[in-house]
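Participant:
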Amino acid sequence: MKYGTVLALGMLLAGQAAAQSPAPVAPQASPPTLETVEPLAGEGILGKSVWGAGGENMGLVTDVIVDQGGVPQAAVIDFGGFLGVGSRKIAVDWSLLQFQPGNDKMPVKLSLNPAALKSAPEYKPSDQSIKIVGPPPDMK
Amino acid sequence: MKWWRGPGAAGRGLDGLNLLVANVQTGFGPFIAVYLTTRGWTQTSIGLALTIGTVTAMASQIPAGALVDAVQRKTTIAAASILAFTASALLLAVAPQPLPVYLAEMLHGFSSCTLGPAIAAMSLALAGGKALGARLGRNARYASIGNAMGAALMGACGYLLSSQSVFFLAAALTLPTVLTLGPLRAVDQPVDERRKAKAVRAPLRAVLADRRLVTFAACAMLFTCGNAAMLPLAGAAITKGEPTEASLLVAAFIVLPQLIVAALSPAIGELAQTRGRRPILILGFCVLPLRGAAFSTIANPFYLLPVQLLDGISAACLAVLVPLVVSDISAWSGHYNLSLGVVGFAIGIGAASSTMIAGPIADRFGDPAALIFLTMVALAATLLAAVAMPETARNW
Chain A
129 MKYGTVLALG MLLAGQAAAQ SPAPVAPQAS PPTLETVEPL AGEGILGKSV
179 WGAGGENMGL VTDVIVDQGG VPQAAVIDFG GFLGVGSRKI AVDWSLLQFQ
229 PGNDKMPVKL SLNPAALKSA PEYKPSDQSI KIVGPPPDMK
Chain B
657 MKWWRGPGAA GRGLDGLNLL VANVQTGFGP FIAVYLTTRG WTQTSIGLAL
707 TIGTVTAMAS QIPAGALVDA VQRKTTIAAA SILAFTASAL LLAVAPQPLP
757 VYLAEMLHGF SSCTLGPAIA AMSLALAGGK ALGARLGRNA RYASIGNAMG
807 AALMGACGYL LSSQSVFFLA AALTLPTVLT LGPLRAVDQP VDERRKAKAV
857 RAPLRAVLAD RRLVTFAACA MLFTCGNAAM LPLAGAAITK GEPTEASLLV
907 AAFIVLPQLI VAALSPAIGE LAQTRGRRPI LILGFCVLPL RGAAFSTIAN
957 PFYLLPVQLL DGISAACLAV LVPLVVSDIS AWSGHYNLSL GVVGFAIGIG
1007 AASSTMIAGP IADRFGDPAA LIFLTMVALA ATLLAAVAMP ETARNW
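Rendered as structure tokens:
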């Protein structure tokens, strides 16, 4: 139960996040600060395409798994399939992902190739413990 | 020669209609989930949108059938249904926000339920009761070619352009689809006059209480329950076993059975006319447990491909038999489309329960266990058909 306390939360675009999970605000607090993030410094990743080490399309980011402190542990990727048939969701360790905000062609890179995901267990949100595909031991 | 004139124009129109409708419908399949994912939708909201579509389609089956029975001109209701597809595809392409998507799903769910029966009714009007089997075989051939073309076109569009372009393509394809109805207006008329001459409809009770209709609906429901979850389960097994070629293999799994349907369905339609409906029903049903047994025991996806071809045999038989058997039972009554709606509703229940039961079994006991369950259901469907379903053709 390594990830027993891990919470699965969709990391949403800023607007949706505000609509769906408003941050608790103290009753008489001063107005929240507003931070401006330049396009190249950050962007939402839900639904962005994931590209493998060899430049192959690996699928789409469908969810982000964070721990209690809100630190991302893994991304859930919808992998493979044709016109929506036969795809499989796999959770991959956050450290395997590189993000390239503003790069529309390859917004997310995964340092694994499709063959490495061959025997990966399917991600099932209903499971008690979440199985996350991590980096190979020699990369750690 | 202009295709929309001269002898056989209505037949060619119906060919084209089946081809293009199937083409358009490919865009409304599981691909919607992929598209909404690329638009930043969460899996929960995608599930809700798809459920709205499914529930609408289920709830519409029988009322939509009654509506098609009530409307004199089937070409009018077919045109309205196709234009609803246009609106639905454009809504999905232009406004992938919750409300427009829900509306698009509802529009598509309802108009699918009016278009299917309308096509069956136009086929019956065109071919007449005696030649309906052959006509339905032709319908199935063109529909399966349309499915394969749709998968190829929309797969290419999604891969090369964007997932949004798939829905613009679907919307664009609805326009030639409406044009194919032109030559069909000629066959639309005589039926109305015949019906006016009769001007009587059998009481609804007499049709719905027909034991053959109830048995056939039960058979179709059990068969679909065994069938619907089989390809997704096998598809997931392929992506697991062969990830590099997975997309290509899944595409082959979808397209190849369609080619089998295209090749076989005219012959199956003829056979249903000359040899009766029962042998075709048993043939179409009994290959499903075979397919399930092979899927649950063979692991290599390349060996599974020929097994998947068996799906083409089942699909061809069912595509011919559902409108044909229902016409045997109820075409005389003025409630043909409503009866088709009843069978469609049963098929919908079968499809929904298939994934609802097989999914948890696969989660808890693994994919092979789920496939064995589906095989058992398929076996039950075959037994029910063999024991309880009588021949419905009048000459036997």
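Going down the list, the protein sequences come from chains A and B.
Be aware that the first sequence starts at 129, since it is given in the working numbering, and climbs by one per residue.
Be aware that the second sequence starts at 657, since it is given in the working numbering, and climbs by one per residue.
Using N, Cα and C, we set each Cβ at its ideal position, and we do this for glycine too.
Since we're looking at a predicted model, the values are computed, not measured.
Please compile the residues from chain B whose C-beta is within a distance smaller than 7 Å of the C-beta of Gly262 of chain A.
Facilitator: Within chain B, no residue comes near Gly262 of chain A; the closest Cβ sits about 18 Å away, beyond 7 Å.
Participant: Can you tell me whether Ser177 of chain A is helix, strand or coil according to DSSP?
Facilitator: Here Ser177 of chain A sits in strand by DSSP.
Participant: So for Gln820 of chain B, helix, strand or coil by DSSP?
Facilitator: Gln820 of chain B falls in the helix class under three-state DSSP.
Participant: Between Arg857 of chain B and Ser989 of chain B, is the Cβ-Cβ spacing less than 8 Å?
Facilitator: Against a cut-off of 8 Å, the Cβ pair of Ser989 of chain B and Arg857 of chain B comes out as a contact.
Participant: Out of A:Glu163, A:Val178, A:Ala157 and A:Thr161, which has the shortest C-alpha to C-alpha gap to Asp232 of chain A?
Facilitator: Of A:Glu163, A:Val178, A:Ala157 and A:Thr161, the residue nearest in Cα terms is A:Val178.
Participant: Please name the residue, chosen from A:Val199, A:Gln226, A:Tyr251 and A:Leu238, that lies closest to Asn185 of chain A on a Cα-to-Cα basis.
Facilitator: The shortest C-alpha separation from Asn185 of chain A is found at A:Leu238.
Participant: Restricting to Cα atoms, I'd like to know which of B:Val978, B:Pro832, B:Ala885 and B:Ala783 is closest to Pro1016 of chain B.
Facilitator: Of the listed residues, the one whose Cα sits closest to Pro1016 of chain B is B:Ala885.
Participant: Just to confirm the assignment, what range does the alpha helix (DSSP H) spanning Thr742 of chain B have?
Facilitator: First-last of the alpha helix (DSSP H) with Thr742 of chain B: Lys730 to Val750.
Participant: Could you pull out every residue in the same chain whose Cβ sits closer than 7 Å to the Cβ of Ser952 of chain B, ignoring the five residues on either side in sequence?
Facilitator: Hits under 7 Å: Pro1024, Leu1027, Ile1028 and Thr1031.
Participant: Cβ of Gly187 of chain A within 8 Å of Cβ of Gly212 of chain A?
Facilitator: Against a cut-off of 8 Å, the Cβ pair of Gly212 of chain A and Gly187 of chain A comes out as no contact.
Participant: What's the gap between the Cα of Thr788 of chain B and the Cα of Arg931 of chain B?
Facilitator: It is Leu, not Thr, that sits at residue 788 of chain B in the sequence shown. The straight-line gap from Cα to Cα measures roughly 14 Å.
Participant: Using beta carbons (cut-off 8 Å, strictly below), is Trp697 of chain B in contact with chain A?
Facilitator: Chain A, which has a Cβ nearer than 8 Å to the Cβ of Trp697 of chain B, makes this yes.
Participant: For Arg868 of chain B and Gln728 of chain B, I'd like the C-alpha separation in whole angstroms.
Facilitator: Rounded to the nearest angstrom, the two C-alpha atoms are 27 Å apart.
Participant: Since Met186 of chain A is in the beta strand (DSSP E), which residue starts that stretch and which ends it?
Facilitator: Note, Met186 of chain A: beta strand (DSSP E), Asn185 to Val194.
Participant: Helix, strand or coil: how does DSSP classify Ala219 of chain A here?
Facilitator: It is a strand residue.
Participant: Quick one: list the residues of chain B neighbouring Lys252 of chain A, beta-carbon separation under 8 Å, in chain order.
Facilitator: Going along chain B in sequence order, the residues near Lys252 of chain A (Cβ under 8 Å) are Asp1019.
Participant: Using a Cβ-Cβ cut-off of less than 9 Å, list which residues of the segment 875 to 890 of chain B approach chain A; keep chain order.
Facilitator: So the close ones are Leu887, Pro888 and Ala890.
Participant: Looking at chain B, is there any beta carbon in it that lies within less than 8 Å of the beta carbon of Phe210 of chain A?
Facilitator: Yes, Phe210 of chain A counts as interfacial toward chain B.
Participant: Does Leu174 of chain A have its Cβ less than 8 Å from a Cβ in chain B?
Facilitator: Judged by the 8 Å Cβ criterion, Leu174 of chain A is in contact with chain B.
Participant: What's the C-alpha gap between Arg661 of chain B and Leu840 of chain B?
Facilitator: Cα to Cα, Arg661 of chain B sits roughly 11 Å from Leu840 of chain B.
Participant: Would you say Phe951 of chain B reaches chain A, if we count a Cβ-Cβ gap shorter than 8 Å as a contact?
Facilitator: No, because no Cβ of chain A sits closer than 8 Å to the Cβ of Phe951 of chain B.
Participant: Is it the case that the segment 868 to 882 of chain B contacts the segment 991 to 1006 of chain B, given that we only count it when at least three CB pairs across the two stretches are under 8 Å?
Facilitator: With the cut-off at 8 Å, the segment 991 to 1006 of chain B and the segment 868 to 882 of chain B touch.
Participant: Out of curiosity, what's the CA-to-CA distance linking Gly838 of chain B and Leu224 of chain A?
Facilitator: Distance between the alpha carbons of Gly838 of chain B and Leu224 of chain A is about 57 Å.
Participant: So Gly687 of chain B contacts chain A; which residues on that side make the cut at Cβ distance below 8 Å?
Facilitator: Looking at the sequence provided, one finds Phe at residue 687 of chain B rather than Gly. Chain A residues near Phe687 of chain B: Leu211 and Gly212.
Participant: List the endpoints of the continuous alpha helix (DSSP H) containing Ala671 of chain B.
Facilitator: Reading the sequence as shown, one finds Asp at residue 671 of chain B and not Ala. First-last of the alpha helix (DSSP H) with Asp671 of chain B: Ala665 to Thr682.
Participant: Check the DSSP bridge columns for Phe210 of chain A and list the partner residues they point to.
Facilitator: Looking at the DSSP assignment, Phe210 of chain A forms a beta bridge with A:Val213.
Participant: Between which two residues does the beta strand (DSSP E) carrying Leu225 of chain A extend?
Facilitator: Segment Leu225 to Phe227, the beta strand (DSSP E) holding Leu225 of chain A.
Participant: At the 8 Å Cβ level, is Asp221 of chain A part of the contact set with chain B, yes or no?
Facilitator: It does not: the Cβ of Asp221 of chain A has no partner Cβ on chain B nearer than 8 Å.
Participant: In terms of alpha-carbon separation, which member of A:Val165, A:Ile193, A:Ala181 and A:Val199 lies closest to Leu245 of chain A?
Facilitator: Here the closest residue by C-alpha is A:Ala181.
Participant: Run through the segment 754 to 791 of chain B for me and flag every whole alpha helix (DSSP H) of 4 or more residues, listed as ranges in chain order.
Facilitator: DSSP runs (the alpha helix (DSSP H)) wholly in the segment 754 to 791 of chain B: 754 to 783.
Participant: With 8 Å set as the bound, which would you pick, yes or no: does the beta-carbon of Leu676 of chain B sit closer than that to a beta-carbon of chain A?
Facilitator: It does not: the Cβ of Leu676 of chain B has no partner Cβ on chain A nearer than 8 Å.
Participant: Report the CB separation of Leu782 of chain B from Ala666 of chain B in whole angstroms; it is logged as a contact under 8 Å.
Facilitator: About 6 Å separates the two Cβ atoms, so the contact holds.
Participant: Thinking Ser701 of chain B and Gly765 of chain B are a contact (beta carbons under 8 Å), I'd like their distance in whole angstroms, please.
Facilitator: Ser701 of chain B to Gly765 of chain B, Cβ: 17 Å. No contact.
Participant: Touch check for the segment 944 to 962 of chain B and the segment 993 to 1001 of chain B: three-plus C-beta pairs under 8 Å?
Facilitator: With a cut-off of 8 Å, the segment 993 to 1001 of chain B and the segment 944 to 962 of chain B do not count as touching, because too few Cβ pairs lie within range.
Participant: Just curious, the alpha helix (DSSP H) that Leu1035 of chain B is in, first and last residue?
Facilitator: Start and end: Asp1023 to Ala1044.
Participant: In this structure, how does DSSP classify Thr1048 of chain B when only helix, strand and coil are distinguished?
Facilitator: Thr1048 of chain B: coil per DSSP, three-state reduction.
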